[in-house]
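Okay, so here's the structure we're looking at.
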Amino acid sequence: MMTRQGQQGALIFITPLLFIVIFFFATLLIDGSRVLSVKSKMQSIVNAAATAAADGAQSCGGATPAFSGMETRALNAANTMGFDSSDGTLQVVPGVLRANAAQNNQLQFLARDPDTQIKQTNATWVSYSRQVPVSSFFPDSIFPSIDLTVDAVARKEVFAVLSATGTTANIQGGLLGNLLGTVTGNPGYSLDVTDLQSTFISLGDLLAALGVEDLTELMDEPLTDVLDAVTGLAGGPLTGAGGVVDDLTGAVGISGLDASAVFDVVGTPPGSLGATIPVYDLVTSVLLNSVHAANQSGSGLLDLTLDTTEEQALLGSLSALPVGDIDVSLRLAVNEAPRIVIGPARQDDGGVWLTRVRAADILLETDISVELLPGFIGDLISTLSLGLLDFELLENIDIPLVVQTGGGEAEFIAADCARGNNNTVNFDFEVQDTVAAIETGRLDSGTGVVVSEPVSAQILKLTLNPILLPSVSLGNLCLDAELDISLDRAPSDETLDSYSLYCPDGQCFVRSVDEGAESRLQGLDVDVENLALDCGSGGLTGVVSSLAAGLVLPLTDVLDGVTGAVIGGVLSPLLTGLGADLGGIQVNVVGADQMGGRLVEHVIFE
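Basically our numbering = 1-based index in the sequence shown + 7.
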């Protein structure tokens, strides 16, 4: 049994030992807290560096992103947060952050080569490594320093909502109504284009109405379900815009389509996308899909009717020519309808730009019937024949044209994102020329081949002046000519500056990429070739030959002027409204949404 003296001796021995143990563990706790604090500060540094560097990724960094710029942004942000290069190393890696479908959509970072693949990037991975002493009280020989490494990935991306469908002249009201009436079996259908243009649908609201989580899922939804949802969001079938969309559900060929016929979604846009789309663009795309279905079902080309007063208003520039009424008849075939495209400004894994807006692929057969003014012709004939000849107008001049468009596209190649108090984005596009062919001829609806046909008409019957000798016919004058029509438009780079992300009253701004540009048809050239008036028989003599020679120039001016005016004043705005601009694809930004900086720690890295 231990005596009191023995107990005192034990306490004398144990007490210092207990103090040493307590001090040791207290030191470990303090050092552990210090190490955790260091690691937390390191994490704050890489978070700031990754967020800053992501501003320089292709998807957000403007027209000339560079890895050096990303590194500089990362280092500046890290220094602001207290980074000291003498304490450790900062590594910056550009790449793509996206969900991996094979791993339950878990976020995955895929590194990209900073020299050759920078245009594929939408994110930056930053790693910070340094050695940290385990203890501030004990030497490294007892507790060696440890290596701490923290990392973070930040993604920044703006998604633009793009459309090739132009909002153009008043001619579109009659045209769209005519089209909708044809594909729904309701001739005489009328609609208000202004109402369609001013009614916007939030993409987020559309997803909610359909019960889908994101735009990727929207692609598989039946188009009729999408139209029903849009009808409700537009105010119901009793409203102007809602009624038009509701009527479209019964259009030819719509029941078998899904939303991918109207929308094209690339990248991974957020499910809460706040951008809006005009109902006009949706209606036009659905209509042309229906026309395509009607063309394919054996209905052939669809006849279109333009309002005469609208034609004359558009052709008012012809007042200097000796022409009266001009009638334009149209027949339409659609090979590919335009779509509303939603995507970012970066390339895919193969180096192809993700977001591309394509022009509609359309065939338009046009007949232009031109009436010559008898007063002008009479004065001219009287002058040229010294009053010896009289005339009778016979046929109007008929100009058959076939316009083929397609192949034009615009690639979304850069976005300079909003930062700080600035709420605007700059967009850059590379616009490829629309392949437009304009020929004189008619379209074989069975084969889709253009059958060449010159301009040909018997225009005048000539007689001697009845005062001199009544009822003496001198024969007819026929107009035969060929037209060589060319339209040159080179590829171009277009920039849309200061597009506002703010949508007042829930309506985003709609802006054309080439707004303010010169005439889109400035490359249009109409040449009249091989014009003859002898009805193919030749041998005009005497005063008739002199008369015919004097008529060549004014008739050349008529063919040149009328053809150019119809192409520029009727066909071009009509096709622009259908997403197939003759002068090159017209790109409209109808909405945009910039994702907030997505910051992820300890992401899967590949």
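From the three backbone atoms N, C-alpha and C, an ideal C-beta is built for every residue, glycine too.
Please read these numbers as outputs of a predicted model, since none were measured by experiment.
- With fewer than 16 other CB atoms across the displayed protein chains lying within 10 angstroms of its CB, E536 is exposed.
- For the stretch 541-612, the full-length beta strand (DSSP E) segments reaching 3 residues or more read 595-601, 605-608 along the chain.
- Counting only residues of its own chain and dropping the five nearest sequence neighbours on each side, M88 has a CB closer than 7 Å to the CB of S51, I52, A55.
- In this structure the stretch 254-262 does not touch the stretch 561-579; the number of beta carbon pairs closer than 8 Å is below three.
- DSSP places Y135 in the strand class (E or B) of the three-state scheme.
- For G415, the closest C-alpha among the options P345, D94, S136 is that of P345.
- Each residue's CA atom was taken as its position, placing G192 and D227 some 28 Å apart.
- Where T223 is concerned, the enclosing alpha helix (DSSP H) starts and stops at 222-225.
- The alpha helix (DSSP H) runs of length 4 or more contained entirely in the stretch 217-262 are, from start to end of the chain, 222-225, 230-240, 247-255.
- Q593 counts as buried, since at least 16 other C-beta atoms from the protein chains shown sit within 10 angstroms of its C-beta.
- Taking every protein chain shown into account, the CB of R162 has 16 or more other CB atoms within 10 angstroms, so this residue is buried.
- Within the same chain, Cβ atoms closer than 7 Å to the Cβ of P101 are found at A64, F74, M77, R119, P121, I125, T128, T131, the five residues on either side in sequence being excluded.
- Here P381 is not bridged, per DSSP, to any residue.
- Two segments are said to touch when three or more pairs of C-beta atoms, one from each, lie closer than 8 Å; by this definition the stretch 326-340 does not touch the stretch 40-48.
- With at least 16 other beta carbons inside 10 angstroms of its own, R365 counts as buried.
- Taking a contact as a CB-CB distance under 8 Å, the pair I404 and V462 counts as one, their CB atoms being some 7 Å apart.
- For S75, there is no enclosing beta strand (DSSP E); the enclosing alpha helix (DSSP H) has its first and last residue at 74-87.
- Counting only the Cα atoms, L361 lies some 34 Å from G242.
- When the five nearest sequence neighbours on each side are left out, the beta carbons in the same chain lying within less than 8 Å of the beta carbon of D451 are those of V457, V458, in order along the chain.
- As computed with DSSP, Y506 is found in a beta bridge with V432.
- Across the set L225, L486, I208, G260, the C-alpha of I208 shows the shortest separation from the C-alpha of L289.
- The continuous beta strand (DSSP E) containing T156 extends over residues 153-162.
- For S306, there is no enclosing beta strand (DSSP E), since its DSSP letter is neither H nor E.
- In this structure, DSSP gives T312 an extended state, which the three-state scheme calls strand.
- Across the structure, D564 and E460 are spaced so that their CA atoms are roughly 20 Å apart.
- A distance below 8 Å between beta-carbons, with the five flanking residues on each side excluded, links R449 to the following residues of its chain, in chain order: E372, P407, V409, V457, V458, E460.
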